[in-house]
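So the structure is just underneath, and the comments pick up after that.
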Amino acid sequence: MKSVLLVYPGYIVREQPLNILYIASAVKAAGHRAAFFDVTAFRKRPLRGDPFRVMKEAFAATLDAFKPDVVGFSVMSVNYKISAALAGVVKEKQPDALNIFGGIHPTIAPEDTIRDPVVDIICRGEGEGAMTELLSALDGGSDYAKIPGLWVKRNGVVTQNAVRPLVQDIDSLPFPDRDLLDPARLQAELYGINMLSSRGCPFPCSYCQNEFLMDLYKGQGRFVRYRTIENVFAEIDEIIAKYKPSRLSFSDESFTLNKNHLKEFCERYVRRYAIPFLCQTRPDLVDEDTIKTLKEGGCDFINMAIESGNPKIRNAILQRNISTEKVIEAFTLARRFGIRTGSFNMIGLPEEDLSTVWDTIRLNKQLQPDRIMCTVYMPFRGTKLGEDSLKAGWLEHPIDDAEIYYTNITIKHPTLSGRTLFGYQGFFDYYVRLSTKLFPVIHGLRWLYQLLPRTNYKLPPLIRAAREGIINFVYNMKRFLPSRGFFMKTR
Ligand code: B12
Ligand code: SF4
338 MKSVLLVYPG YIVREQPLNI LYIASAVKAA GHRAAFFDVT AFRKRPLRGD PFRVMKEAFA
398 ATLDAFKPDV VGFSVMSVNY KISAALAGVV KEKQPDALNI FGGIHPTIAP EDTIRDPVVD
458 IICRGEGEGA MTELLSALDG GSDYAKIPGL WVKRNGVVTQ NAVRPLVQDI DSLPFPDRDL
518 LDPARLQAEL YGINMLSSRG CPFPCSYCQN EFLMDLYKGQ GRFVRYRTIE NVFAEIDEII
578 AKYKPSRLSF SDESFTLNKN HLKEFCERYV RRYAIPFLCQ TRPDLVDEDT IKTLKEGGCD
638 FINMAIESGN PKIRNAILQR NISTEKVIEA FTLARRFGIR TGSFNMIGLP EEDLSTVWDT
698 IRLNKQLQPD RIMCTVYMPF RGTKLGEDSL KAGWLEHPID DAEIYYTNIT IKHPTLSGRT
758 LFGYQGFFDY YVRLSTKLFP VIHGLRWLYQ LLPRTNYKLP PLIRAAREGI INFVYNMKRF
818 LPSRGFFMKT R
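In structure tokens form, the structure reads like this:
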């Protein structure tokens with residue numbers, strides 16, 4: 338039996354990190370020990386100076402107590418810096434333990450990741466099989482350098498293995514091990530407990546990594562895979578018995594992709610459970626029949642990405658291929674059938690200027706979703722749009738530092754300054770919710786907000802803390818905006 342410490346190096350408050358919990362249950366099912374370290378608990382404490390100090394100390398204590406043979410990190414690009422800092426602690430405290438980085442970042446940037454001296458192994462693509470094979474090889478004393486899906490570095494030499502075929506029968510995977518989470522994490526506002534009923538999304542949006550993944554897995558089996566309804570229900574039964582959630586949410590990228598499957602799922606769900614659920618999909622995968630099915634099936638909230646209110650940016654740049662009319666129809670139908678809506682939006686996109694930011698504000702103003710998310714575009718590697726933006730020199734600040742990411746602007750946009758993007762992101766909801774008569778006041782407040790210094794580690798802790806305080810205040814005041822009387826914390 339081998340011991341693995343699994344690390345979730347991100348900050349999320351609204352969902353549970355299913356990917357690493359899937360790995361945990363897979364390794365336990367294979368007879369190994371797994372423990373979990375969740376960085377979310379150490380979210381931003383600017384007054385304490387070095388933001389990583391407290392978490393590094395806690396992490397070192399966990400290493401001492403658990404003494405893992407392997408430490409596994411689930412790495413998104415924005416979480417790279419934290420992952421590397423903690424992997425460095427492993428190297429200092431327990432140099433014999435192997436650090437393995439899995440998740441989307443090592444999948445899209447394998448060379449850069451394996452080059453990092455603190456990384457011994459990377460996993461590209463799905464990790465359940467690769468991780469259990471690694472632990473079993475270590476346990477049996479056999480060579481682990483040739484395990485499919487892994488790149489292994491030993492004495493500076495890297496063995497690169499091909500990606501593993503996608504797990505086709507995803508029913509065969511043990512359910513994610515939620516017991517590893519702090520119970521408070523299982524009561525996410527609005528999202529309750531989240532789960533996946535499928536894997537994969539077949540669309541080619543230019544800012545998303547799906548197309549890269551589809552290419553990577555070409556010839557390795559179906560990309561979009563569904564669990565059987567029985568298997569999903571068995572997980573829900575377990576969730577209800579153990580955690581008694583008031584809500585469920587499905588993290589599937591496009592929950593309404595397969596209409597027949599959706600119909601059967603909803604018909605059976607509502608007969609069996611009284612718990613409302615949330616899901617997300619694309620506006621063009623929604624019609625009256627779908628919304629009716631969802632409503633009757635127990636869905637009370639649906640997230641849909643608008644991304645941009647400007648049709649040229651949405652379609653020619655982002656490759657969404659969804660008309661404005663379709664977006665309006667989807668949100669209107671949801672409202673008509675009494676399903677609350679959330680919209681995802683981005684600003685700072687290629688070809689964007691202030692007028693297109695206003696197109697996005699105006700479309701949201703017209704639709705009045707119950708929840709609005711506005712983020713500033715980030716050029717991710719492994720995406721068509723991201724690679725182009727990176728080549729064009731768009732990255733002003735590192736993309737790999739979540740400490741900075743959530744309150745700073747990382748891009749250098751050709752026409753919109755970082756301050757402008759920061760201001761519009763902060764006040765996006767205010768423009769959407771409040772009357773145009775109040776716009777002069779909002780403009781003034783936004784302008785003041787834009788004067789806040791950009792954050793960096795050299796800023797004195799007190800200033801960083803004050804800055805954070807103001808950002809949080811602006812964020813939290815959204816709850817008093819005239820929407821349909823409810824507010825959800827989403828950061
Ligand atoms: C659900 C989801 C979320 C959820 C939960 C994320 C989480 N679990 O941490 C929420 C909504 C919170 C979220 C937030 C964000 N997300 Co998100 N998210 C997704 C989404 C749609 C699905 C991920 C998922 O659960 N897939 C299903 C699981 C089973 O698959 P998986 O994650 O790939 O995990 C498998 C393998 O990667 C591997 N693996 C993963 N970890 C490990 C660890 C080890 C040790 C091993 C061996 C293997 C391994 O094994 C897993 C099981 O097979 C993906 C899209 C996608 N195609 O992946 C985007 C995606 C991962 N998100 C993305 C982004 C940008 C974000 C945000 C930064 C968005 C924002 N503006 O705030 C935040 C960052 C949050 C944070 N952690 O700090 C990007 C990441 C880009 C990048 N290069 O990092 C993606 C790829 C979407 C995109 N733009 O293309 N996200
Ligand atoms: S629909 Fe969403 S998950 Fe699917 S490719 Fe487009 S952005 Fe990615």
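According to the working numbering, the sequence shown holds residues 338 to 828 in order. For each residue, glycine too, the CB sits at the ideal point set by N, CA and C.
Looking at 344, 720, 770, 366, the one whose alpha-carbon comes closest to that of residue 509 is 366. Contact residues of the ligand SF4 (beta-carbon closer than 6 Å to any heavy atom; chain order) are 538, 540, 542, 545, 547, 590, 591, 619. Taking the CA atoms as reference points, residue 629 sits about 11 Å from residue 599. For residue 500, there is no enclosing beta strand (DSSP E), as DSSP marks it with neither H nor E. Residue 679 and residue 701 have their C-alpha atoms roughly 10 Å apart. Taking the C-beta atoms as reference points, residue 683 is found no nearer than 8 Å to residue 667. Remark: fewer than three beta-carbon pairs, one from each stretch, lie closer than 8 Å, so the stretch 480 to 499 and the stretch 517 to 526 are not flagged as touching.
Rounded to whole angstroms, the separation of the alpha carbons of residue 790 and residue 501 is 46 Å.
Residue environment for residue 492: exposed (fewer than 16 other C-beta atoms within 10 angstroms of its C-beta). Remark: the C-beta of residue 460 is in contact range of the ligand B12, defined as less than 7 Å to any heavy atom.
Between residue 689 and residue 614, the alpha-carbon positions lie close to 35 Å from each other. Contact between residue 535 and residue 563 holds: their C-beta atoms lie close to 5 Å from each other, under 8 Å. Per the coordinates, the alpha-carbon of residue 565 lies some 30 Å from the alpha-carbon of residue 543. Boundaries around residue 618 are those of the beta strand (DSSP E), 614 to 618, since no alpha helix (DSSP H) includes it.
The closest heavy atom of the ligand B12 lies 7 Å or more from the beta carbon of residue 532. Every beta strand (DSSP E) stretch that sits fully inside the stretch 516 to 602 and reaches 3 residues is listed by chain position as 530 to 532, 585 to 587. The three-state secondary structure of residue 763, taken from DSSP, is helix. Look at residue 697: its beta carbon is at least 7 Å from all of the heavy atoms in the ligand B12. Taking the Cα of residue 594 as reference, the smallest distance to any Cα among 363, 653, 698, 539 is reached at 539. In terms of side-chain proximity, the C-beta atom of residue 746 is found no nearer than 7 Å to any non-hydrogen atom of the ligand B12. Judged by DSSP in its simplified three-state form, residue 692 adopts helix.
Each of 469, 356, 364, 465 was checked against the Cα of residue 532, and the nearest Cα belongs to 356. Rounded to the nearest angstrom, the Cβ distance from residue 643 to residue 618 is 13 Å, too far for a contact under 8 Å.
Here DSSP, grouped into helix, strand and coil, assigns residue 784 to helix. In summary, residue 655 is buried, with 16 or more beta-carbon neighbours lying within 10 Å of its beta-carbon over all protein chains present. The stretch 389 to 398 and the stretch 437 to 455 do not touch, with fewer than three beta-carbon pairs separated by less than 8 Å. When only Cα atoms are considered, residue 605 and residue 671 end up about 21 Å apart. Excluding the 5 residues flanking it on each side, residue 651 has same chain C-beta neighbours closer than 7 Å at 644, 645, 657, 659, in chain order. Relative to the ligand B12, the beta carbon of residue 351 is positioned inside 7 Å of a heavy atom. With 16 or more other Cβ atoms inside 10 Å of its own Cβ, residue 405 counts as buried. Inter-residue distance for residue 428 and residue 753 is about 42 Å (C-alpha atoms, whole angstroms).
Between the C-alpha atoms of residue 731 and residue 798 there is a straight-line separation of about 28 Å.
Within the stretch 366 to 439, the runs of alpha helix (DSSP H) at least 4 residues long that lie entirely inside it are, in chain order, 390 to 403, 417 to 430. Beta-bridge analysis with DSSP links residue 638 to 615, 677.
Residue 767 and residue 698 have their C-alpha atoms spaced approximately 10 Å apart.
Residue 348 and residue 413 have their alpha carbons spaced roughly 11 Å apart.
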